[in-house]
Amino acid sequence: MDVFDVAIIGGGPAGISAGIYAARFKLNAILISNSLGGTAQSAHLIENYPGFGAISGFELMQKFREHLKTFEIPILEKHVYSVSRENDLFVLNLNDQEIKAKYLLIATGTKRRKLGVPGEANFYGKGVSYCVTCDAFFYRGKTVAVIGGSDAANMGAILLSSMAEKVYTIYRKEKLRGELIWIDRVITNPKIEVLYNSNVIEVMGKEFVEGVKLEDGRVIPVDGVFVEIGSIPECCCAKELGITINEKGFIAVDTTQKTNVDRVYAAGDVSSGSNGFQQILTAASEGIIAIKSIFDDIERSKGKLWTKK
Amino acid sequence: MDKKIKYIFTSLMIIGTLFLAGCNESNPDKVLSDADKIELNKILVNMDGNIDILFFKSDNECFSCSKTETLMKEIEQLSNKIDLKVYDVDKDKEMAARYDIELVPAIVVIGEDDYGIKHYGFPGGREFNPLFEAMIYSSMSKPQATEDITKKLNTIKNPIEVKIFVTSTCPSCPDMVRIADKYSIVSDKISTVVIMSNEFEDYSKNYKITAVPTTIINESFRKEGLMDEESFINYVVVSS
Numbered sequence: 132m133d134v135f136d137v138a139i140i141g142g143g144p145a146g147i148s149a150g151i152y153a154a155r156f157k158l159n160a161i162l163i164s165n166s167l168g169g170t171a172q173s174a175h176l177i178e179n180y181p182g183f184g185a186i187s188g189f190e191l192m193q194k195f196r197e198h199l200k201t202f203e204i205p206i207l208e209k210h211v212y213s214v215s216r217e218n219d220l221f222v223l224n225l226n227d228q229e230i231k232a233k234y235l236l237i238a239t240g241t242k243r244r245k246l247g248v249p250g251e252a253n254f255y256g257k258g259v260s261y262c263v264t265c266d267a268f269f270y271r272g273k274t275v276a277v278i279g280g281s282d283a284a285n286m287g288a289i290l291l292s293s294m295a296e297k298v299y300t301i302y303r304k305e306k307l308r309g310e311l312i313w314i315d316r317v318i319t320n321p322k323i324e325v326l327y328n329s330n331v332i333e334v335m336g337k338e339f340v341e342g343v344k345l346e347d348g349r350v351i352p353v354d355g356v357f358v359e360i361g362s363i364p365e366c367c368c369a370k371e372l373g374i375t376i377n378e379k380g381f382i383a384v385d386t387t388q389k390t391n392v393d394r395v396y397a398a399g400d401v402s403s404g405s406n407g408f409q410q411i412l413t414a415a416s417e418g419i420i421a422i423k424s425i426f427d428d429i430e431r432s433k434g435k436l437w438t439k440k
Numbered sequence: 010m011d012k013k014i015k016y017i018f019t020s021l022m023i024i025g026t027l028f029l030a031g032c033n034e035s036n037p038d039k040v041l042s043d044a045d046k047i048e049l050n051k052i053l054v055n056m057d058g059n060i061d062i063l064f065f066k067s068d069n070e071c072f073s074c075s076k077t078e079t080l081m082k083e084i085e086q087l088s089n090k091i092d093l094k095v096y097d098v099d100k101d102k103e104m105a106a107r108y109d110i111e112l113v114p115a116i117v118v119i120g121e122d123d124y125g126i127k128h129y130g131f132p133g134g135r136e137f138n139p140l141f142e143a144m145i146y147s148s149m150s151k152p153q154a155t156e157d158i159t160k161k162l163n164t165i166k167n168p169i170e171v172k173i174f175v176t177s178t179c180p181s182c183p184d185m186v187r188i189a190d191k192y193s194i195v196s197d198k199i200s201t202v203v204i205m206s207n208e209f210e211d212y213s214k215n216y217k218i219t220a221v222p223t224t225i226i227n228e229s230f231r232k233e234g235l236m237d238e239e240s241f242i243n244y245v246v247v248s249s
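Heads up: the sequence lines are chains A and B, in that order.
Position one of the first sequence corresponds to residue 132 (the working numbering), numbered consecutively onward.
Position one of the second sequence corresponds to residue 10 (the working numbering), numbered consecutively onward.
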């Protein structure tokens with residue numbers, strides 16, 4: 132079995148950028164991801180990635196993938212079930228095969244946070260959705276609610292307003308957050324009504340969603356509920372490897388993207404890097420910083436890199 | 010090369026080729042770019058046997074027949090192991106009935122056997138890959154299921170039709186299609202029909218689809234979201 136210099140777990144902006152740089156540094160690297168492109172590809176419009184003006188997340192990540200493909204780096208479209216140690220190597224269990232590597236770069240991103248209210252699970256796929264770009268068109272001419280006030284929620288509300296008759300943005304705070312440009316678009320959109328200081332406590336309906344109940348007792352009749360209340364880090368193998376997780380649940384890294392565990396790095400939304408500013412741009416940046424750090428470490432171990440005493 | 014290894018190897022290569030179709034939507038005479046064709050050719054060399062693609066179209070109110078036909082012709086031209094047969098559902102009624110064509114455009118992939126793999130709509134965006142993979146796998150020996158799953162599959166006595174409603178932008182839809190396609194090839198009792206929901210709005214409304222992927226087995230069992238292989242097989246067995 133081949134032993135790789137570095138196994139990159141995750142195929143979002145951080146993982147793909149890391150893959151590109153790993154190839155350019157001529158590291159013997161492998162990228163493992165069961166979703167090449169990551170959650171970034173679900174963004175219906177990205178207007179803050181320099182050089183691209185306005186582009187969908189889908190198209191941008193396609194360009195990432197195409198760029199990665201120009202290099203000879205093996206890619207496995209698989210899930211990493213666990214990681215163990217075998218002497219000085221990390222052994223990645225992919226269920227039907229094992230991958231061994233000297234270094235690990237965790238770039239597994241995040242998964243959607245759920246509301247955790249009655250009715251949410253029962254009506255998943257029957258009016259409750261976590262993917263605006265996937266399911267928006269099913270609500271043409273209907274009334275929907277977007278729960279949340281972040282960029283993702285605001286973008287979702289704008290996309291939905293192009294199809295739905297009426298969009299409620301329901302947010303627990305008194306002001307929407309995120310980029311002001313998105314907030315302006317939401318609050319000036321005649322189809323969108325923002326309900327501030329509002330908490331959803333129940334998703335209601337019979338066979339399909341018929342409304343949401345708010346904490347103040349109001350019931351808002353809607354046909355669909357799109358939950359956009361942020362995400363939870365997917366801290367792959369953190370526990371088994373003894374990786375430190377910070378108070379917000381992210382993998383704690385230093386400025387080189389290194390974790391507390393020797394030869395384990397983390398990058399992108401799963402890490403505490405970039406001052407917690409989760410963007411495609413910062414994820415890509417963290418990915419390449421991590422690879423440069425790994426490269427330096429390998430060179431240092433070979434005695435090829437000058438080390439400051 | 011061992012077939013199983015080859016099977017895995019192909020799947021690894023395929024993932025590099027993503028979201029190709031639909032890149033040239035402004036030009037109805039061309040769907041695949043030259044770069045797309047180069048990538049696809051790399052994968053097509055892994056084909057073992059020949060496959061037939063049966064393409065069903067209509068001149069009446071078909072949103073994407075022309076574009077899909079162009080794509081299928083482009084794919085056929087990439088390999089001498091792919092034979093495309095084009096049918097008009099309004100004229101070739103016997104063939105349309107034989108393959109139970111409900112919607113157009115329809116793509117039926119036939120390998121050594123008719124594995125029952127059918128796709129309705131233009132296979133653009135994320136849905137190109139699983140369809141293309143199904144074409145490659147249909148040319149190969151049947152993949153082996155695990156012992157446990159084989160036992161379960163052996164309990165299926167009657168035909169199972171799996172309908173999967175997808176959209177071209179859905180991240181988890183391709184994996185659901187891959188699983189269903191795989192077991193359509195493994196088991197002669199299972200067939201898979203993929204429906205591009207955004208193209209067939211009324212059809213999707215009839216099934217009350219509000220999220221993708223939604224899987225409907227034998228018109229009765231319904232499950233929203235991505236299932237793993239074991240769950241899928243369990244639901245198939247329960248529905249049989």
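Where is the CB? At the ideal position from N, CA and C, for every residue including glycine.
Counting only beta-carbon separations shorter than 8 Å, does residue i have a partner in chain B?
i	result
residue 147 of chain A	no
residue 264 of chain A	yes
residue 156 of chain A	no
residue 212 of chain A	no
residue 281 of chain A	no
residue 173 of chain A	yes
residue 194 of chain A	no
residue 440 of chain A	Low per-residue confidence applies at residue 440 of chain A: pLDDT is 39, beneath 50, and the placement is therefore not dependable enough to give any value.
residue 257 of chain A	yes
residue 454 of chain A	A question about residue 454 of chain A goes unanswered here, because the residues of chain A that appear run from 132 up to 440.
residue 183 of chain A	no
residue 166 of chain A	yes
residue 250 of chain A	no
residue 260 of chain A	yes
residue 355 of chain A	yes
Taking the beta carbon of residue i as the centre, do at least 16 other beta carbons fall within 10 Å, making it buried, or is it exposed?
i	result
residue 312 of chain A	exposed
residue 30 of chain B	Confidence at residue 30 of chain B is low in this model, with a pLDDT of 40, below 50, so its placement is unreliable and the value that follows should be read with caution. So residue 30 of chain B counts as buried.
residue 233 of chain A	buried
residue 143 of chain A	buried
residue 79 of chain B	buried
residue 254 of chain A	buried
residue 218 of chain A	exposed
residue 431 of chain A	exposed
residue 416 of chain A	buried
residue 304 of chain A	exposed
residue 180 of chain B	buried
residue 281 of chain A	buried
residue 241 of chain A	buried
Let me make sure I understand the geometry here. Which of the options has the alpha-carbon closest to that of residue i?
i	options	result
residue 176 of chain A	A/263, A/228 and A/252	A/263
residue 148 of chain A	A/169, A/133 and A/136	A/169
residue 120 of chain B	B/107, B/136 and B/92	B/92
residue 96 of chain B	B/90, B/245, B/236 and B/107	B/107
residue 228 of chain A	A/235, A/238, A/239 and A/213	A/213
residue 363 of chain A	A/345, A/266, A/185 and A/243	A/243
residue 137 of chain B	B/182, B/170 and B/226	B/182
Alpha carbon to alpha carbon, how far is residue i from residue j?
i	j	result
residue 174 of chain A	residue 189 of chain A	7 Å
residue 223 of chain B	residue 212 of chain B	13 Å
residue 276 of chain A	residue 39 of chain B	40 Å
residue 99 of chain B	residue 110 of chain B	11 Å
residue 328 of chain A	residue 336 of chain A	23 Å
residue 35 of chain B	residue 214 of chain B	Note that residue 35 of chain B scores 49 on pLDDT, short of 50, meaning its location in the model is unreliable and no value can be drawn from it.
residue 136 of chain A	residue 433 of chain A	13 Å
residue 112 of chain B	residue 74 of chain B	11 Å
residue 302 of chain A	residue 288 of chain A	12 Å
residue 135 of chain B	residue 178 of chain B	6 Å
residue 408 of chain A	residue 122 of chain B	53 Å
residue 369 of chain A	residue 394 of chain A	13 Å
residue 166 of chain B	residue 160 of chain B	12 Å
residue 200 of chain B	residue 146 of chain B	15 Å
residue 266 of chain A	residue 221 of chain B	7 Å
residue 236 of chain A	residue 341 of chain A	44 Å
Taking only beta-carbon positions, decide if residue i is within less than 8 Å of chain A.
i	result
residue 218 of chain B	yes
residue 221 of chain B	yes
residue 255 of chain B	Nothing can be reported for residue 255 of chain B: it is not among the residues displayed for chain B, which extend from 10 to 249.
residue 207 of chain B	yes
| said: Assess contact between the region 314 to 323 of chain A and the region 288 to 300 of chain A, defined as three or more Cβ pairs (one per stretch) separated by less than 8 Å. Is contact present? | reply: yes
| request: Evaluate contact between the region 190 to 207 of chain B and the region 119 to 131 of chain B, counting only Cβ atoms and requiring at least three cross-stretch pairs below 8 Å. | output: yes
| Three or more C-beta pairs below 8 Å linking the region 108 to 126 of chain B and the region 62 to 80 of chain B | yes
| Is the region 341 to 353 of chain A touching the region 269 to 286 of chain A in the sense that three or more CB pairs, one from each, lie closer than 8 Å? | yes
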